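In the UniProt record's numbering, the protein residues as written are 1 to 64.
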């Protein structure tokens with residue numbers, strides 16, 4: 001993806017400060033693949049880690 005500063009239509013000083021509820025709603029929409037609830041720019045602000053860097057990739061027994 002591009003840099004947040006490169007996104008058209010965002011005024012100077014735009015700030016990303018979601019509530020806990022908004023973050024949970026975003027994650028729920030991603031898990032359910034609900035494209036109607038996903039904002040088109042959300043992945044620029046909340047990247048999804050996949051593959052080897054993903055959440056829950058390492059089994060708990062292998063944690064330090």
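C-beta atoms are modelled at their ideal positions from N, C-alpha and C, and glycine is treated no differently. Small disclaimer: the values here were computed from a predicted structure and weren't measured.
Opening and closing residue of the alpha helix (DSSP H) in which residue i lies
i	result
residue 41	Where residue 41 is concerned, there is no enclosing alpha helix (DSSP H), given that its DSSP letter is neither H nor E.
residue 27	20-31
Residue nearest to residue i in terms of C-alpha spacing, selected from the options
i	options	result
residue 14	61, 45 and 62	45
residue 16	34, 30, 41 and 36	41
residue 18	11, 12 and 26	26
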